[in-house]
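Written below as structure tokens is the structure these notes are about.
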Amino acid sequence: MILALLAALGVGWWMWKKGELGRFDINDLAIAGFAIVGLILTVKGNEVAGPTMLIGAAIWFARTYAPGGSKRPHPMGRDEALRILELGPNPDAAAIRDAHRRLVARVHPDRGGSAELAAQVNRARDILLSRAN
Numbered sequence: 001m002i003l004a005l006l007a008a009l010g011v012g013w014w015m016w017k018k019g020e021l022g023r024f025d026i027n028d029l030a031i032a033g034f035a036i037v038g039l040i041l042t043v044k045g046n047e048v049a050g051p052t053m054l055i056g057a058a059i060w061f062a063r064t065y066a067p068g069g070s071k072r073p074h075p076m077g078r079d080e081a082l083r084i085l086e087l088g089p090n091p092d093a094a095a096i097r098d099a100h101r102r103l104v105a106r107v108h109p110d111r112g113g114s115a116e117l118a119a120q121v122n123r124a125r126d127i128l129l130s131r132a133n
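Residue numbers (our numbering): 1 to 133.
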């Protein structure tokens, strides 16, 4: 039991250091619980259910978080890009670049923001600039 708790704490610490703890949703937590129960059953000597649960959880996590998995960002539309950059309906390229500079200064990881927010702002800029030219 203590081994399972230490393993869970180790994984949590590792994910926190990587900055991926915020990506979890309720399904991720359910599968993590499934994996913990599988680990406990394995430690207690259940040779069928425990490893099966662990393997199932590992496969689910691998498919979900692999490159191209279901956690990749959804495609962003023009309206969402305008909302993210706080722009009106028909901005020119200079307004897009100014809004991008202003927002990146606020959400950049070096200034206390997150890499995900900075990437979202960059993606919004790219979408609007590709359609402005």
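Each residue gets a CB set at the ideal place from its N, CA and C atoms; glycine is no exception.
Whole-angstrom distance between residue j and residue i, CA atom to CA atom
| i | j | result |
| --- | --- | --- |
| GLY56 | ASP98 | 48 Å |
| SER130 | ALA118 | 18 Å |
| GLY50 | ASP28 | 19 Å |
| ALA7 | LEU39 | 9 Å |
| ALA94 | ARG101 | 11 Å |
| THR52 | ILE59 | 11 Å |
| HIS108 | THR64 | 26 Å |
Minimum C-alpha distance to residue i - residue among the options
| i | options | result |
| --- | --- | --- |
| ILE84 | ASP28, ILE127 and TYR65 | ILE127 |
| LEU9 | ILE36, ILE59 and PHE61 | ILE36 |
| ASN90 | ARG78, ARG101 and ILE2 | ARG78 |
| LEU54 | PRO75, MET76 and ILE31 | ILE31 |
| ALA124 | ALA105, ARG106, SER114 and LEU82 | LEU82 |
Residue span of the alpha helix (DSSP H) that contains residue i, given as start and end
| i | result |
| --- | --- |
| ARG83 | 78-84 |
| ASP28 | 26-43 |
| GLY56 | 49-65 |
Buried/exposed call for residue i, threshold 16 Cβ in 10 Å
| i | result |
| --- | --- |
| VAL121 | buried |
| LEU41 | buried |
| ALA62 | exposed |
| ARG111 | exposed |
| LEU103 | buried |
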